[in-house]
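Notes follow once the structure below has been shown.
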Amino acid sequence: MNSVVDWTQASLTELVDHIVDTHHAYLKKELPLLSELTTTILRVHGPNHGELFQVHKLFHTFKMEIEQHMMKEEDRGFKLMKEYEQNPGDQLQLLKNAVDNHMLEHDTAVSTINELRKVTQDYAVPEDACGTFSMTFKKLEELEADLIQHVHLENDILFPKIKAL
Ligand SMILES: [Fe+2]
Ligand SMILES: [Fe+2]
Numbered sequence: 010m011n012s013v014v015d016w017t018q019a020s021l022t023e024l025v026d027h028i029v030d031t032h033h034a035y036l037k038k039e040l041p042l043l044s045e046l047t048t049t050i051l052r053v054h055g056p057n058h059g060e061l062f063q064v065h066k067l068f069h070t071f072k073m074e075i076e077q078h079m080m081k082e083e084d085r086g087f088k089l090m091k092e093y094e095q096n097p098g099d100q101l102q103l104l105k106n107a108v109d110n111h112m113l114e115h116d117t118a119v120s121t122i123n124e125l126r127k128v129t130q131d132y133a134v135p136e137d138a139c140g141t142f143s144m145t146f147k148k149l150e151e152l153e154a155d156l157i158q159h160v161h162l163e164n165d166i167l168f169p170k171i172k173a174l
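First residue of the sequence shown: 10, per our numbering; consecutive thereafter.
Dropping the structure here:
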């Protein structure tokens, strides 16, 4: 399945697999890279661009939050969803509780990424920025765009399917 698919019609398992294979895979690949990049630009440009201390801190806060969140989804909510679809049983309340927890964590991650946009003044690259600086801000902006789509699929499509059960 690809992004033109109408995900509202997909099964729980199809949706979960798509989210893990697309958005969780993207994060697992990009977060370590962005950790190095935000550290490098802090070291090189921090003396002239004090906001890079905040960027470094906020990015690593986000990284920790979203890594723990993905682990919980994969080990808890998503796992229960796939099990429930195979064999609808008495796990439903546990599953609904897991979904409530996952949604709360989305609010935290989204508010951290919103802070990043604020401290970078919408990812404006200063005139004295090097290529690495520009690439880092571009990648942070892509991270935000991916998170928006990721949270949309979970909050607006996947989780309401569970709520409706
Ligand atoms: Fe997720
Ligand atoms: Fe999530």
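Glycine included, each C-beta is placed from N, C-alpha and C at the ideal position.
The structure displayed is predicted, hence computed values, not measured ones.
Exposed unless 16 or more other CB atoms sit within 10 angstroms - verdict on V64: Of the other Cβ atoms in all chains shown, 16 or more fall within 10 Å of the Cβ of V64; this residue is therefore buried.
Closest Cα partner of L152 within the set L40, A19 and Q77: Measuring from the Cα of L152, the nearest candidate turns out to be L40.
Rounded Cβ spacing between I171 and M90 (contact assumed at less than 8 Å): Right, their Cβ atoms sit about 7 Å apart.
Closer than 6 Å: E82 CB and nearest ligand 1 heavy atom: Between ligand 1 and the CB of E82, the shortest heavy atom gap is smaller than 6 Å.
Any non-hydrogen atom of ligand 2 closer than 6 Å to E2 Cβ: No answer is possible for residue 2: it lies beyond the span of the chain, which begins at 10 and ends at 174.
Q158 - containing alpha helix (DSSP H), residue span: Counting along the chain, the alpha helix (DSSP H) containing Q158 begins and ends at G140 to H161.
Candidates A154, S143, F87 and T47: closest to T70 by CA position: Selected option, being the one with the closest Cα: T47.
Span of the alpha helix (DSSP H), counted from its first residue to its last, around N106: L101 to V128 is the span of the alpha helix (DSSP H), which, as asked, contains N106.
Segment contact flag, the region 140-147 with the region 97-112, C-beta cutoff 8 Å, min 3 pairs: These segments do not touch.
Proximity below 7 Å, CB of I75 to CB of A118: Judged by their CB atoms, I75 and A118 are nearer to each other than the 7 Å cut-off.
Simplified DSSP state of H58, which is helix, strand or coil: Judged by DSSP in its simplified three-state form, H58 adopts coil rather than helix or strand.
beta-carbon E92 near ligand 2 non-hydrogen atom, thresh 6 Å: Checking every heavy atom of ligand 2 against the Cβ of E92, none is found closer than 6 Å.
Straight-line gap, G140 to V14 (C-alpha atoms, nearest Å): Between the C-alpha atoms of G140 and V14 there is a straight-line separation of about 36 Å.
Counted within 10 angstroms of its Cβ, other Cβ atoms place T121 as buried (16 or more) or exposed: With a 10 Å radius around the Cβ and a threshold of 16 neighbouring Cβ atoms, T121 comes out buried.
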